[in-house]
Amino acid sequence: MKRTLIARVEDKPGVLNRVASLFRRRAFNIESLTVGHTEEPDVSRMTIVVDSTRTDAEKVAQNLQKLVNVIRVEDISELPAVTRDVALIKVETPDSRTRAELMQIVDTFRARVVDVGVETLIVEATGTEEKVDSLVDVLRPFGIVEMVRTGRVAMVRGKTTNKGEYK
Amino acid sequence: MRLTGAQIVWEMLHREGVEVVFGIPGGAIMHTYHPLSEYGIHHVLVRHEQGAAHAADGYARASGRVGVAIATSGPGATNLVTGIATAMMDSSPIVCITGQVASSLIGTDAFQETDITGITLPITKHNYLVTDVGDLASVIHEAFYLASHGRPGPVLIDLPKDVQQAETEFVPPESEVRLPGHAYIKAVDQTEAIARAAKLIDSSQRPVILAGHGVSMSKAESALREFAEMIDCPVTVTLLGKGGFPASHPLYLGMMGMHGDAQANNAIQEADLLIALGMRFDDRVTGDLSRYAPHARKVHIDMDAAELNKLIPVDVAVRADIKQALSTLIPLVTRRERPQWRTEFRDWLEDSRKVDVVHRPSNGRLTVPHLIDAMSTATGGKAIVVTDVGQHQMWAAQYYRFDHPNAFITSGGLGTMGFGLPAAIGAQMACPNAEVWAIVGDGGIQMTVQELATVVQEELPIKIALCDNGYLGMVRQWQEMFYDKNYESTHLANPDFVKLAEAYGIRAWRAKDLDGARSAIDEARKHSGPALIDFQVVGEGEGGNVYPMVPSGAALHEMIRRPHQTKVGER
Ligand SMILES: Cc1ncc(C[n+]2csc(CCOP(=O)(O)OP(=O)(O)O)c2C)c(N)n1
Ligand SMILES: [Mg+2]
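Listed in order, the protein sequences are those of chains A and B.
All residue numbers for the first sequence refer to my numbering, where the first residue is 33 and numbers rise by one.
All residue numbers for the second sequence refer to my numbering, where the first residue is 131 and numbers rise by one.
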């Protein structure tokens, strides 16, 4: 099972390195990790996904919490949360017929075409990983020439924030 | 007050209560050394930076205060690495200050540039590269705080040359450090878990207390004693837990683990409850994990949450300081006696005594157990014993009778040969009036033997017991037992250690049998300065192997016991 951890960290040089070094040293297997800014100027936020059959999420959390620059770690897997993955997918469009067909698929998935070139176009998709996965499956027969995905970001629904106390 | 970065270093060390530092100057740290004499802090000039880190570590372990090591950039900094890793594994509070090339040169492969914060990232509790002199004072304050609070450990501060030179208005940092992450580590209430622990303790018939380093780190020795007596529960200690419970106490079972006492290992395997206090179930204490303490429920109290459920799943995990946890736990448990359990472990103890080599004649030869037993008697168990790593280390742990905390200083987690002599220097600096014995091997002492010069320069009255068996003994023992007696690369052609010591200006003796050993120990103790005794000990056969021994992969109860019949020196 996949588990999702959220870590608020001080935005200081080398923090990502410290986190990455911890994963390597403890032989933790990480599925994905994203980092970005938050509502607070000096705080960044990491969303970390681990496959709990291979790496115990609790151990990851406890070890992360020990890093001096890590403010708070929370395992939100059991909480109601919005999770999103963003993908940019460049697909081959040799003729206008395939292009039209593609546009329709993109529409159905509520994705967007963000660039149209002579023989390719770029699709931007935002959604749960499952949704993005199924779009990718459908696009694959057309010929995906390049793809990038951000990995999961997540936020708990409702009033809860992850600034409370970690247990 | 306008101060340079260099002056801020000393000003802050002074404010942190530092009286002594260990180090070696060099290009990138010279600027910091320059104003040292204005600050009344004593600098011990070691002969290798590894010695500085170990000495700082030994100082910290003997005093409970933060030890400080200083080195230049590049090779000076990398020479600290073994010492930092040693301190990390044994949770020893040290602060290392390294010089660095000027900020403008960082990343250009400048002369003696090395990425020491990168190198030490996984072996420090935290580290800093200071790029602005305005941050320096608060960084130093935070470093001391981190090194000594929570689970202690090494912290490194890398100081570029220009930061040492830069001037700024010195503002003393606020005493409270601002570490947003730290609040979460402190804030969890454990009373519910402790109450569950008390229930398990009350319902157990055959409990065993496993006391680790955390007991003495939290100064919980008397609480532990009260707790053990109250529930009439035997106590076994880890290597670093020695002294956390008095060896002379009737509930004392000795040391657990690979070279632990048979009664301790047996008790763990037969127990129905383990109460683990400030220890971390290292593979050297558990043997085969899947068959470890098979009948026992487990209560684990440790202040590091990442240690709980790390290697073995426990029934009750309590994240707390040992002393605090015990003070909550003691009123919750029921006072009771366990006469049956007592008889059982007393029998094992008696059995161990019977096979013990020290209770047999030494046969005109000298064994390390005999000589450490003699040393323990001569010093009344009151010395600070610092060891190196190998057979002599295990024997020191087994045969020196420790009744006091912080009196046994040894590299447990990393097992660093070369630790003993420099760590003894640190311990003697911390406790100038204590009797400090460095028990070292003929292999290990040669890894940091240059520190004999430091001993002499500082006029430290350290007594060095060199267990000279002509071998990298611990490795040779494994070869004897598990590698067909193929003594590949373990024989040592040694220098004349007596002459070597004398060349440094250290009084030295040689002893070949037990009487000789006793009188050499007396002579060395009478001598007011440093002393070395070259104990020529049995290198092979009976008296030359450490028992019991749990072979790697075996369960604790499968330990190899000492063969009964052979005489000392015989095979
Ligand atoms: C720096 C380092 N290198 C190698 C080892 C592996 N090792 C462990 S014990 C030992 C032998 C130690 O020999 P000696 O110092 O003579 O002590 P003895 O075992 O003979 O008492 C060795 C080589 C180690 N622990 N540390
Ligand atoms: Mg030896």
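Glycine included, every Cβ here is placed at the ideal spot set by N, Cα and C.
Legend entry - Y529 of chain B Cβ short of 6 Å to ligand 2 heavy atom set: No.
Inset, instruction - May I have the straight-line CA-CA distance separating H500 of chain B from R57 of chain A, to the nearest angstrom? - result: 42 Å
Inset, instruction - With a threshold of 6 Å, establish whether the CB of Q521 of chain B neighbours any heavy atom of ligand 1. - result: yes
Inset, instruction - Just grab the DSSP bridge partners of P165 of chain B for me. - result: DSSP, once it has assigned bridges, lists no residue as partnering P165 of chain B.
Legend entry - Distance cut-off 6 Å: L630 of chain B Cβ against heavy atoms of ligand 1: no
Legend entry - Distance between G264 of chain B and W567 of chain B (C-alpha atoms, nearest Å): 44 Å
Legend entry - Reduced DSSP category for P469 of chain B - H, G, I as helix; E, B as strand; rest coil: helix
Inset, instruction - Would you check whether ligand 2 has a heavy atom nearer than 6 Å to the C-beta of N599 of chain B? - result: yes
Legend entry - 7 Å Cβ cutoff met for I376 of chain B and D477 of chain B: Reading the sequence as shown, one finds Pro at residue 376 of chain B and not Ile. No, these two residues do not count as a Cβ contact at 7 Å.
Legend entry - Through-space distance from I331 of chain B to S541 of chain B, alpha-carbon basis: 32 Å
Inset, instruction - Starting from V102 of chain A, find everything on chain B with Cβ-Cβ shorter than 7 Å and list it in chain order. - result: G311
Inset, instruction - With A595 of chain B as the anchor, note down where its alpha helix (DSSP H) starts and where it stops. - result: Unbroken run through A595 of chain B is the beta strand (DSSP E), 593 to 598; no alpha helix (DSSP H).
Inset, instruction - Mark N61 of chain A as exposed unless 16 or more other C-beta atoms lie within 10 angstroms of its C-beta, in which case mark it buried. - result: exposed
Inset, instruction - Report yes if the C-beta distance between N101 of chain A and E42 of chain A is below 7 Å; otherwise report no. - result: yes
Inset, instruction - Compile a chain-ordered list of the residues in the segment 423 to 446 of chain B whose CB is closer than 9 Å to at least one CB of chain A. - result: D434, A435, A436, E437, L438, N439, K440
Inset, instruction - Tell me whether D572 of chain B counts as near ligand 2, meaning its Cβ is closer than 6 Å to at least one heavy atom of that ligand. - result: yes
Inset, instruction - Could you check if L419 of chain B is buried or exposed, using at least 16 other CB atoms within 10 Å of its CB as the buried criterion? - result: exposed
Inset, instruction - Grab the span of the alpha helix (DSSP H) containing V498 of chain B for me, first residue to last. - result: 498 to 509
Legend entry - Euclidean distance between Cα positions of L462 of chain B and T321 of chain B: 10 Å
Legend entry - Alpha carbon of P126 of chain A to alpha carbon of L153 of chain A, nearest angstrom: 10 Å
Inset, instruction - Report the residue ranges of all beta strand (DSSP E) runs contained in full by the segment 139 to 208 of chain B; include only those spanning at least 3 residues, in chain order. - result: Here the runs fully enclosed are 150 to 153, 172 to 175, 197 to 201.
Legend entry - Element boundaries [beta strand (DSSP E), containing R181 of chain A]: 176 to 181
Legend entry - Coarse secondary structure for L96 of chain A, derived from DSSP in three states: When secondary structure is reduced to three states using DSSP, L96 of chain A falls in the helix class.
Inset, instruction - Provide the residue span of the alpha helix (DSSP H) that contains L404 of chain B, from first to last. - result: Unbroken run through L404 of chain B is the beta strand (DSSP E), 403 to 407; no alpha helix (DSSP H).
Inset, instruction - Using 10 angstroms around the beta-carbon of S346 of chain B, count the other beta-carbons present and answer buried if the total reaches 16, otherwise exposed. - result: buried
Legend entry - Assumed close pair I214 of chain B, T254 of chain B - CB separation to whole angstroms, cut-off 8 Å: 6 Å
Legend entry - Cutoff 7 Å: H256 of chain B Cβ touching any chain A Cβ: yes
Inset, instruction - Determine the extent of the alpha helix (DSSP H) in which L54 of chain A is found, giving its start and end residues. - result: 47 to 57
Inset, instruction - Decide yes or no for the touch test of the segment 105 to 120 of chain A against the segment 44 to 55 of chain A: beta carbon pairs closer than 8 Å, at least 3 of them. - result: no
Legend entry - Rounded straight-line distance, which links the Cα of N49 of chain A to that of A650 of chain B: 54 Å
Legend entry - Residue from B:E141, B:S378, B:V488, B:L596 whose Cα sits closest to the Cα of V519 of chain B: If we check each option's Cα against that of V519 of chain B, B:L596 comes out closest.
Inset, instruction - Would you mind telling me which residues of chain A sit closer than 7 Å to P252 of chain B, beta carbon to beta carbon, in chain order? - result: S53, R57
Inset, instruction - Using a cut-off of 8 Å between C-beta atoms, extract the partners of L276 of chain B located in chain A. - result: V100
Inset, instruction - Within 10 angstroms of the Cβ of P364 of chain B, are there 16 or more other Cβ atoms? Answer buried if so, exposed if not. - result: buried
Inset, instruction - Classify D391 of chain B as buried or exposed, calling it buried when 16 or more other Cβ atoms lie within 10 Å of its own Cβ. - result: Burial call: buried.
Legend entry - chain B contact for Q136 of chain A (CB, 7 Å cutoff): no
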